[in-house]
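Taking this note's numbering, the leading residue of the sequence shown gets 4, the next gets one more, and so forth.
Glycine is no exception: its CB is placed at the ideal position from the N, C-alpha and C atoms.
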Amino acid sequence: MALGWINPEDYSFNSFLLLERFQIRSMFNSGGWRNDKAQWRHSMGAALNAHPAVAWYFKRRCPECAALVDAVMADAPTLTDAAEIRKAELYALISVEDFTIYTTPEKMATNCDFIRGWNKERLFSLVDLTGKTVLDVGAGSGRLAFAAAEKAAWVYASEPVGTLREFMREKIKREGIKNVRVLDGLVTELPFPDGTFDVVMSGHVLGDDWAKEIAELTRVCKSGGWLIDCRGDSERDMKPSPELTSRGWEEIHYVGSFGKDVYNHRKQARKG
Ligand SMILES: C[S@@+](CC[C@H](N)C(=O)[O-])C[C@H]1O[C@@H](n2cnc3c(N)ncnc32)[C@H](O)[C@@H]1O
Numbered sequence: 004m005a006l007g008w009i010n011p012e013d014y015s016f017n018s019f020l021l022l023e024r025f026q027i028r029s030m031f032n033s034g035g036w037r038n039d040k041a042q043w044r045h046s047m048g049a050a051l052n053a054h055p056a057v058a059w060y061f062k063r064r065c066p067e068c069a070a071l072v073d074a075v076m077a078d079a080p081t082l083t084d085a086a087e088i089r090k091a092e093l094y095a096l097i098s099v100e101d102f103t104i105y106t107t108p109e110k111m112a113t114n115c116d117f118i119r120g121w122n123k124e125r126l127f128s129l130v131d132l133t134g135k136t137v138l139d140v141g142a143g144s145g146r147l148a149f150a151a152a153e154k155a156a157w158v159y160a161s162e163p164v165g166t167l168r169e170f171m172r173e174k175i176k177r178e179g180i181k182n183v184r185v186l187d188g189l190v191t192e193l194p195f196p197d198g199t200f201d202v203v204m205s206g207h208v209l210g211d212d213w214a215k216e217i218a219e220l221t222r223v224c225k226s227g228g229w230l231i232d233c234r235g236d237s238e239r240d241m242k243p244s245p246e247l248t249s250r251g252w253e254e255i256h257y258v259g260s261f262g263k264d265v266y267n268h269r270k271q272a273r274k275g
């Protein structure tokens, strides 16, 4: 799926030296997000053959992918023409354009439609954040976390990508924000005790394993607290989430700034 967030020409293939282990695993297990998997194997393999340091990093950083990395490289040509090598690099970079843009978080505000077109009032209309302790899961560059911080007592921004955590920490320091803390964490393994938060929110994070993810969001939410899925506005058609509505989440629909449907969701956590 093309997101239109990057011009791959702006990126060195060495950008992949900034990927996290879970990203390398996800990329190799899926063959990138584009449809042509054969093209992905050819391009990634040829680019890695031209960049042994990146191949070394992938295998050391993500040992469970080492055999896959070797196989993709063995099946691909060793190119010598610089233009052919660059073509292979560009396909690999655009095939995971979200991962690629996370290596330059400062570009997200202008390039990512879900940030560029979004109005924070959409979050405020979903839940009263005043004085609350809030968790933003998969916080990215902090779209939801920094909006919530304008009203909440405390916001914890959990994010598994190091470049994005650093981006948020630098913004906090630069702007003297006192009530946001940034930390690592996967949606399926949040580093908090049960029932910690009044509000647990996310945007564009859920969907790999709905049952496991929702169970973990619910675990860290107080009974009576709110679970929120607040997306940004998209330039593409957005689909509703039957995975949430079928589990009792309320759907809140609006037509976004690009004229496309946006579906947000909320549910009050009830435990015991
Ligand atoms: C499209 S971005 C959305 C960022 C932010 N939530 C927003 O809406 O502005 C998706 C985010 O989810 C994070 N992410 C990806 N897989 C994740 C996982 N398994 N657990 C937690 N976060 C994840 C990514 O690193 C990225 O920051």
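Is it buried or exposed, residue i, if we count other Cβ atoms within 10 angstroms and call 16 or more buried?
{"i": "Gly141", "result": "buried"}
{"i": "Val258", "result": "exposed"}
{"i": "Glu162", "result": "buried"}
{"i": "Ser15", "result": "exposed"}
{"i": "Arg103", "result": "For the sequence presented, residue 103 should be read as Thr rather than Arg. Label assigned to Thr103: buried."}
{"i": "Asp187", "result": "exposed"}
{"i": "Glu100", "result": "buried"}
{"i": "Ala91", "result": "buried"}
{"i": "His256", "result": "exposed"}
{"i": "Gly179", "result": "exposed"}
{"i": "Ala218", "result": "exposed"}
{"i": "Phe25", "result": "exposed"}
With 8 angstroms as the threshold, decide whether the Cβ of residue i is near any Cβ in chain D.
{"i": "Leu20", "result": "Protein chains in the displayed structure number just one, and chain D is not present."}
With residue i as the anchor, note down where its alpha helix (DSSP H) starts and where it stops.
{"i": "Leu126", "result": "124-127"}
{"i": "Ser46", "result": "40-53"}
{"i": "Phe170", "result": "165-178"}
{"i": "Ile88", "result": "85-98"}
{"i": "Thr136", "result": "Thr136 -> not in any alpha helix (DSSP H); beta strand (DSSP E) instead, spanning 136-140."}
{"i": "Leu71", "result": "69-78"}
{"i": "Arg37", "result": "Counting along the chain, Arg37 falls outside any alpha helix (DSSP H), and DSSP gives it neither H nor E."}
Are residue i and residue j closer than 8 angstroms when you measure CB to CB?
{"i": "Glu23", "j": "Gly210", "result": "no"}
{"i": "Asn52", "j": "Thr83", "result": "no"}
{"i": "Ala50", "j": "Ile88", "result": "yes"}
{"i": "Lys135", "j": "Ala112", "result": "no"}
{"i": "Arg125", "j": "Asn38", "result": "no"}
{"i": "Leu1", "j": "Arg269", "result": "Residue 1 is absent from the model: the chain starts at 4 and stops at 275."}
{"i": "Leu193", "j": "Val158", "result": "no"}
{"i": "Arg168", "j": "Gly206", "result": "no"}
{"i": "Gly34", "j": "Ser260", "result": "no"}
{"i": "Phe31", "j": "Val57", "result": "no"}
{"i": "Val265", "j": "Asp236", "result": "yes"}
Out of the options, state which residue places its alpha-carbon closest to the alpha-carbon of residue i.
{"i": "Phe117", "options": "Asp240, Arg250, Thr248", "result": "Asp240"}
{"i": "Ala77", "options": "Leu96, Ser46, Pro243", "result": "Ser46"}
{"i": "Glu109", "options": "Lys90, Arg146, Phe127, Ser128", "result": "Arg146"}
{"i": "Leu138", "options": "Asp201, Lys176, Leu96", "result": "Asp201"}
{"i": "Gly262", "options": "Glu238, Glu254, Thr248, Glu253", "result": "Glu238"}
{"i": "Lys62", "options": "Ser249, Leu20, Trp213", "result": "Leu20"}
{"i": "Trp213", "options": "Phe195, Val190, Cys115", "result": "Val190"}
{"i": "Gly228", "options": "Leu132, Asn10, Ile27", "result": "Leu132"}
{"i": "Ser29", "options": "Glu254, Cys68, Leu129, Ser249", "result": "Cys68"}
{"i": "Ala272", "options": "Gly198, Asn17, Phe25", "result": "Gly198"}
Beta strand (DSSP E) containing residue i: first to last residue?
{"i": "Ile231", "result": "224-232"}
{"i": "Glu254", "result": "253-258"}
{"i": "Phe25", "result": "It is not in any beta strand (DSSP E) - Phe25 instead sits in the alpha helix (DSSP H) that spans 24-33."}
{"i": "Leu193", "result": "First-last for Leu193: undefined, no H or E at that position."}
{"i": "Leu186", "result": "183-186"}
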